[in-house]
Amino acid sequence: MGEVQLKEPIMLCFVQGFYTKDDSKSRRNKRSAGSIGARSAPSTPVQAAPDAPQAGGQQSISGSQLTVAGASYPPPPRSPSHAALKCNDSHLSKPLSRSTPSMAAGGAQTPAKVSRSSSRSSPTSTSSARQKKFHRHFTQVAEDERVLNYYSCALVGDILLQGHLYITPNYFAFYSNVFGYVTKLLIPTVSVLKISKEKTARIIPNAVAVATEEERHVFCSLLSRDSTYKLMKQVWDAAMEPRATADDELPALDTDTKLLTPETLLVDDSEEVNAEEDESSMSESGTDLTAASRSPTACTEIDGTSPIITRPSLPPARLETVMLTKTLTPSKSDRLGSLFTNGLKPGMVIAILVALLAVLYVSAALMMMRIDRLHTAYLNHPLVSPERFTQDRLLHYLNTNLDQIVKMSFEEPLIVEAVYLYEKENAETHRTFNFEMVHQDPAIPVLRRGQAFHMALRFNREYVDETDIVRLLFSFGPNPNVLRGTRGVNTVTSRETYLTDLEAWGVRMIGAQDGDLSVEVRSPIDSPVGVWQLNVETNTLGRRQAPNTYSYDKDIYLLFNPWLKEDLVYMEDDQLLDEYILNDVGKIWVGPWGSSRGREWINSNDDKGVITGRWDGDYSDGTAPSGWTGSVPILEQFWETGNEVKYGQCWVFAGVVTTVCRALGIPSRVVSNLVSAHDANASLSVDRYYDLNNEELEYDPNNPMGEDSIWNYHVWNDVWMARPDLPKGYGGWQAIDATPQEHSDNFYQCGPASVEAVKEGAVGYNYDVTFMVASVNADLMRWKEDPESDLGYSKIDCNKYHIGRMILTKAPWIFDPNGDKDRQDITSVYKAKEGTEVERLTLYRAVRSTEMAKRFYSMPSPGKEDVEFDLIELERVNIGEPFAVTVNIKNKSDETRTIQAILSAGSVYYTGVKANLVKRASGDFVLQPNAVEQLRLSVTVNDYLDKLVEYCIMKLYCIATVKETRQTWADEDDFQVLKPNIDVKIEGEPAVGKPSTITLSFKNPLKRILTNCQFNYAGPGLSRNKTLAFRDVGPEENVYVEHQLVPQKSGEQKIIATFTSKELVDITGCATVDVLDAE
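Be aware that the sequence shown starts at 1, since it is given in full-length UniProt numbering, and climbs by one per residue.
Dropping the structure here:
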């Protein structure tokens, strides 16, 4: 399947293996709808259940142009000979078509055979070489089985299989080897129900059909159908000769009764074949037998006496040796020979000869009269005699001979006039109805793999099932190949065998009427996801010329199918798919721990991607990340320009990835990790280093490639899929990060990492589980310079609770436009509860499997200390309000302690990068025994207002050292200065197709002018993304803007608005409105 591959840490690149093409350059020229004539498209066939197509019965297609009452098409049963054949060269037997399967290697008993006992040699017996070939092809047949005759012919199937038909007393055997594809067919004569003469293409009398209880085989291209049929029927009649049971008392046979030998079968002329039977087209000379009339018995000859008929020791179906008898009546040639033997007078001979000559003369005269009448009719034909040609005579001829003209046209392949894929009807059953391309003109089909869909083909004439061949060819990508699964070829058939093979394309005919053919198609369950093309090939049976080809002029989009159990992205609880696939408005939680909020989002190689990342706050040459309302305008801009869109950040990337995954059919959700670790050296810890003066170092002395960091929040995606590459139990949610921060296999990429593996600390499983474990559960370690330590630094603090304070996503089926009731805490999905034994054990399991982590966690932690420090955390502060940094200190010893402390407050980006120092204070003070003191640093509005950066995140930082014991403590806290929200309203009662007015308003919280102001709003079903440039906003001014929109969809709809300026960003708002149906 395609996966999200992400490279530079500020770029987004997604969906490997997803083939697309430029519509303006690569798409084939659209065909004019008027080219198919006056007939309208056939209406949609009755939709079968996606996972349980109807096996047969009547299928109706409503509409005036196509009404099909299709018959039931049961799957063809296998011949008994298939089950009984044991093929020693089964490795060479390859099925060339579904209708002519190669023989299965089995160990069943061979059918009953006839033993021969005769002293005469056959004058027409086959050569010993042919006899050897027969036994080499059919090794399971007894060595004494003799070939009575053999014929060159072809077995009728999807294609003609040229080979040889062998006739023996016990079998009709067929062998074919076409370019290495071997087909063997062995039909016991006792299993035959009917033998009939047939016509190829309804006009050529060169075929014989053999029917058993389970199958019917047609052998065509026979040079002499009558002689073949005659011999086969004699052999069959001999095998089916009624026999008495052992319980009956049978009289001895008379002296005229003889054993039936192969020679007898070849010379017996007692049964005449009527030559007029050639005129019948279907089964006119077949003879039916019921199974009850066949009870084969054994007959043996003892010491030259008359044969005695006895019951065989085995049941008739398992009879090994059968000897048949037949009373021979004198034939015409025998009677004529006896006349000459008894002496025929010359006068009688002359009379007979004269009579024969008279008969020949009369026959010749009749033939000449017939030829003369045909010649006269030919001369009077309007198309031959120009002087007799008139338009009226031509029309009269066409009207009276239309049937013959139509029959003649059957010899030419069908010509496809149009293909209909019923885009909207199929989209309903495939759950793709919300895709805009399904409703555009012309509509584009969007389907889910492994699920049946309906289509119709319109031809220039009526489809004939017996002679017409229609193939559908589906192709994916520039070089489609069957072995790679990028090409599918299948023939339209009434059989339902395709339902059993989910990894192959299946095509089944639903019905046909006039020139329209309705079919059902099912793609393989593992089809590549992306853009497919369709070609239709038509030909006729036995035609050697190239087929006609029709190219469907629209793309076919094939998606994952999470509703289908066999798909790798299948989700058992299909109600969750309403959220993780079909929901087009979601939330992304942003902001630091304590003041995070849900931000609404509309979903609809190293340096290349869809959107470029930027975190420094300068977005003058693009759009600020906080200015986007959703993924749609980003993807549209990328598609139109072909260039990376400016700008985005991790939460924007995650929103775009969610849109792409859900559009492809992969269940996806956005995950926000509040206080997220960036472990740069795989130590499973975030390390902070300080010098002897308690000043934090700006680098990592143990990792020259880069230092660890802590993001206030980091956003990635969970996608749902099976993991056949991992042990059972590690499928389900997989973490993928669209903002990869470290190299993985020489690329900036992260995931998919099994969330279950992250929770269990199983860092040995693919992919990037170690980095994800550190992101949600690393320890925060602080190190201070220590000349006496071998490492050069001593561990002064280890915080086990700081990282991964809360992991959030949007709750299914809930949407709270102005609050957080739709927030779902999934921290327990990623790790055990902080501070529990299970949480520590899983972390240490990961540490034991990581060399760098073992080094850091093996260093001793500081001993028990006698002074306690506690930094008071701030959750949120409204913009324009003051705040303070407060530390409570308690001396638990009976001695005086001297404290050296540093307190500071500063603005930071959400990635943890420092922006501006707001205020800092340091000093020494004495703490009395068992005393409690409070350090406080006050920060006014004027102190911080000018130093805020985007998202208004502040960091409080404290570090203190006890001089007497060298105890060192440090802690930090992040909080967000909150800004106002946009008030979004739609006046009146909006209705589909009618203009409505939207109003956006908020108050400028700053005492300064806002410049480069811009509003954005969007809502699925209400409005595409709209950008409204706005004038400068004065200090503390109430801002109010109106705009008109026209709702396109009824029901509950959501709309999102944003405001950005040079001085103030990340002002957002959302509303839910009810849209009425059009009047």
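A virtual CB, placed ideally from N, CA and C, is assigned to each residue, including glycine. None of the values given here were measured: they were computed from a predicted structure.
- Closest in alpha carbon position to residue 529, among 505, 770, 448 and 570, is 448.
- Counting along the chain, residue 1044 sits inside the beta strand (DSSP E) bounded by residues 1038-1045.
- Per DSSP, the unbroken alpha helix (DSSP H) holding residue 655 starts and ends at 650-664.
- Using a Cβ distance threshold of 7 Å, residue 948 and residue 907 count as a contacting pair.
- Assignment of residue 484 by DSSP, reduced to helix, strand and coil, places it in the coil class.
- DSSP places residue 1025 inside the beta strand (DSSP E), whose first and last residues are 1023-1030.
- DSSP places residue 230 inside the alpha helix (DSSP H), whose first and last residues are 225-239.
- Within the model, the alpha-carbon separation for residue 213 versus residue 228 is close to 22 Å.
- Contact between the region 877-893 and the region 674-685 is absent, with fewer than three C-beta pairs closer than 8 Å.
- Checking the DSSP bridge columns, you'll see residue 1070 partnered with 1056.
- In this chain, residue 179 is not harboured by any beta strand (DSSP E), its DSSP state being neither H nor E.
- In this chain, the beta strand (DSSP E) harbouring residue 933 covers 932-939.
- In the structure shown, residue 942 adopts helical secondary structure according to DSSP, grouped into three states.
- With respect to the C-alpha of residue 724, the residue from 199, 833, 569 and 521 having the closest C-alpha is 569.
- DSSP places residue 347 within a helical segment (H, G or I) once states are collapsed to three.
- Separation of the CB atoms of residue 1048 and residue 996 is rounded to 11 Å, and the pair is thereby denied contact status at 8 Å.
- When C-alpha distances from residue 147 are compared across 740, 153, 173 and 195, the shortest belongs to 173.
- Under the criterion of beta carbons closer than 8 Å, residue 981 and residue 1002 qualify as touching, at roughly 7 Å.
- Residue 580: member of the alpha helix (DSSP H) spanning 577-580, first to last residue.
- If you look at residue 192, you'll find it in the beta strand (DSSP E) that goes 192-200.
- In this structure, residue 171 lies near residue 186, with their beta-carbon atoms less than 7 Å apart.
- An exposed status is given to residue 898, since fewer than 16 other beta-carbon atoms sit within 10 Å of its beta-carbon.
- For residue 513, the uninterrupted beta strand (DSSP E) run begins and ends at 506-513, by DSSP.
- Contact between the region 586-594 and the region 570-578 is not established, with fewer than three Cβ pairs separated by less than 8 Å.
- For residue 839 against residue 846, the beta-carbon gap comes to about 11 Å, at or over 8 Å, which does not count as contact.
- Annotated three-state conformation of residue 153 is strand, per DSSP.
- Segment contact: the region 779-791 against the region 753-760, fewer than three CB-CB distances shorter than 8 Å; contact not assigned.
- Annotation for residue 1057: 982, 984, 1000, 1017 and 1069 place their beta carbon closer than 6 Å to its own, counting only its chain and skipping 5 residues before and after.
- If you draw a straight line from the Cα of residue 673 to the Cα of residue 421, it is about 45 Å long.
- By the beta-carbon neighbour count (other beta carbons within 10 angstroms, threshold 16), residue 351 is exposed.
- When the alpha-carbon of residue 519 is set against those of 503, 502 and 470, the nearest one is in 470.
- In this structure, 712 is the residue among 712, 829 and 585 with its C-alpha nearest to the C-alpha of residue 975.
- With respect to the C-alpha of residue 566, the residue from 575, 547, 596 and 525 having the closest C-alpha is 525.
- Residue 890: not part of any alpha helix (DSSP H); member of the beta strand (DSSP E) spanning 883-891, first to last residue.
- Between the alpha carbons of residue 987 and residue 1074 lies a gap of roughly 11 Å.
- Apart from the 5 residues on each side of it in sequence, residue 807 sits with its Cβ closer than 6 Å to the Cβ of 673, 826, 827 and 830 in its chain, given in chain order.
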